[in-house]
Amino acid sequence: MSGGRIAGEQGKTPGMAGRALALLQDAGPGRNGRWALLALVALAAWLGLEQLSAQLWFLPAGLRLAMLWLTPSRRWGWLGAAEVLAQATKSVVLGYPLFTFTFLAVCVAPWLVYAAVVYLLRGSQPAPPPDSPTRMLLLLLAGLLGAAGVSPLLWMFLVTYPMTTADSLASMFAFMYGDLIGQIVLAPLLIAFLHGGLRRPGRSGLLRDLGLVLVVALGVFLVLQAYADLAMYVLLLAFAPLFYLGFRHGWEGGALATTLLGGVIQGLVQLGFLTVNVTMLQLVLAVVGGGALVLGAASTALRRSHEILAQRHQELASKTTELEQLAAELGQVGQRLARLEEQGQRELASELEYELGHAIHALGTRISLAFRDVRDEQGTRLLESLREQVREIQDSLRRALRQLRPPQLDTHGLRQALETGPLHEMLDDSGVVFEPVFEGPVDALGEDARTTVYRICQAAVREAVRLEMVRRFAMRLEVLANGEDGFTVDLAMDLEFSTYTQHLPTLQVVPAIKDRVLAVQGSYLLEPLVHGHRHSVHFVAR
């Protein structure tokens, strides 16, 4: 695990538990005084937990696993020294010799076995919280392997009378179950406490659910007290609510519930109110408790993934809002550019009419006056030719000015400008049949919308003239009132090719149409027909 991840987890853990976790996971040099104090605390905790241990569990095994799991291997010497000193203190109090093989095998070797297993499964760095099924299974596997490795040593040196093979295996399993139950009821709870999982928000219903679990368990145990023969049928019912706690409150809730239920069972056994076989209780608690912890870890991982996904959705929504704002700003910029383009074309038309129109008109007048002074036939023909060329120039200039800014669009409206304006003339000159269809209040559109529709049609007409094979240009303009938002404009332009055309042109977006549609934040769709292309435009005119 990287140091950044460790620091992040530490940063989320407030208070004394957070400081203790930071000290446990500190792999840097120095701080020997603090580690000496921590070793004394671990020694005292070991002695206290050893006094609470009984046939059901060996709680120091849970403390051993939790401390090794949370501490970098560089600091394990302090933990080993604390446990060996605790074992030595117990031996001295009970009058057992220290410098014997039995002491080494029973008091020193178990810690070494656990340390070796944890190092192999976890590595040298502290492990993150077991908040996923994989991590929780790894923690439980480390405890299981440690207990399985220690139990033969304990049986070999603590059992001094001869046994059969079956009794020997049963004794080894008894030692293993004691360690395993001590791990399940204590190690996850210590890890959850130090990581601050029990103090996070959203734990309001934890106490209520814990009370429900204990009530159900006590009810089942009272039934077993009265009818011991029902143990094989109803015992699992006392442990089943652990799955509910794990699912509702994650692995931290499952750890707390497992510890409390184990404490209730131990109390009832010591008081004589529960006469069920202890080995059966250990086996059921180990299986159901471990399953509840894994289910809780899966629930925690799923809840965390949902939170991350919700956060991503919020970020995407924020980015989408920003993109919508940028799109609106770009649309406004596009509309301004379109207005500037129209204004530039109008000014250009005025300048051309003023400069060229007057000059051409004056040239025509002078040619007309020159007819009075010419008497020969050759001069008359030359002047006629010049006057005809001047008329063609005037007509071409008039067409160019109408293309730049058709006067009918301002004086008679969009409908007449499309039906009888320059676009119709361009199509007639190219031999293309023009079939316009209008629906709705076309002339009620604003100036910007009228200009947009006209320029889009103009770009489509130019495309039809350029292709040369177009024989029919069908246009359908539909305008619908859209309440306070203005009008909805749907424009469809069909370019139908001659039936004798062998090679149809490929579908290509017309850049002029695309630019105009983008300026009004509309949509532009190009569709193939049987013998032609369809350009469809949709936008809202406000």
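Quick note: our numbering has the sequence shown finishing at residue 542, numbered continuously throughout.
All C-beta atoms in this analysis are idealised placements derived from N, C-alpha and C, irrespective of residue type, glycine included.
Keep in mind that this is a model prediction, so the values were computed, not measured.
query	result
Ordered list of alpha helix (DSSP H) runs contained in the segment 210–284, each at least 4 residues	231–239, 241–271
Where the beta strand (DSSP E) through Asp494 begins and ends	487–497
Beta-bridge pairing of Gly532 - partner residues as DSSP gives them	Glu496, Leu529
Whether Asp131 touches Ala301 by CB criterion (8 Å)	yes
With 16 other Cβ atoms within 10 Å as the buried cut-off, status of Ala454	Checking the sequence, you will find Tyr at residue 454 rather than Ala. Result: buried.
As assigned by DSSP and simplified to three states, the class of Ala163	What sits at residue 163 in the sequence shown is Met, not Ala. The answer is coil: DSSP assigns Met163 none of H, G, I, E or B.
Which of helix, strand or coil DSSP assigns to Leu141	helix
Alpha-carbon spacing of Leu507 relative to Val465, whole angstroms	16 Å
DSSP-derived helix/strand/coil call for Pro436	strand
Beta carbon of Gln521 nearer than 8 Å to that of Phe497	no
Cross-strand partners of Met543 (DSSP beta bridge)	It is not possible to answer for residue 543, since the shown part of the chain is limited to 1 through 542.
Phe487 to Met493 span [Cα, whole Å]	19 Å
C-beta atoms of Leu70 and Leu194 nearer than 8 Å	yes
Reference Pro188, options Ser151, Gly80, Ala127, closest by Cα	Ala127
Three-way DSSP call (helix, strand, coil) for Met1 in this model	Bear in mind that the predicted position of Met1 carries a pLDDT of just 38, short of 50, making it too unreliable to give a figure here.
Whole-Å CB distance - Leu68 paired with Leu59, under 8 Å assumed	Rounded, the Cβ-Cβ distance is 15 Å, inconsistent with contact.
Cβ shell of Leu49 (< 7 Å), same chain only, five flanking positions each side left out	Leu59, Pro60, Leu63
Test item: CB-CB of Phe438 and Arg472 under 8 Å	no
Reduced DSSP secondary structure (H/G/I, E/B, other) of His195	coil
Cutoff 7 Å; reference His533; Cβ partners in own chain excluding five residues on either side	Leu495, Leu507, Leu526
Leu281 and Leu56 closer than 8 Å at C-beta	yes
Sequence-distant residues of its chain with Cβ nearer than 6 Å to Glu419 (five each side left out)	Pro436
The segment 144–156 touching the segment 109–122, judged by at least three CB pairs closer than 8 Å	yes
7 Å CB neighbourhood of Met136 in its chain, flanking five on each side removed	Pro130, Trp251, Leu293, Val294, Ala297
C-alpha gap between Gly253 and Gly246, whole angstroms	6 Å
Between the CA atoms of Gly123 and Ala116 - distance to the nearest angstrom	10 Å
6 Å Cβ shell around Ile367 - same chain, five flanking residues per side excluded	Leu383, Leu386, Arg387
Reduced DSSP secondary structure (H/G/I, E/B, other) of Ala541	strand
At least three beta-carbon pairs within less than 8 Å, the segment 217–232 to the segment 259–272	yes
Under 8 Å between C-beta atoms of Ala544 and Val276	Within the shown structure, residues of the chain are numbered from 1 to 542, placing residue 544 beyond reach of any answer.
Cα-Cα separation between Val159 and Ala174, rounded to whole angstroms	12 Å
Pick from Leu274, Gly440, Glu315 that is closest to Leu562, judged by C-alpha positions	This structure does not reach residue 562, given that the chain is present from 1 up to 542, and the question cannot be answered.
Proximity of Ala82 and Trp46 at Cβ, strictly below 8 Å	yes
Same chain, Cβ closer than 8 Å to Phe101, five either side skipped, listed in chain order	Phe157
Start and end residues, alpha helix (DSSP H) containing Thr579	Residue 579 lies beyond the stretch modelled for the chain, which goes from 1 to 542, so this question has no answer here.
Which of helix, strand or coil DSSP assigns to Ala54	coil
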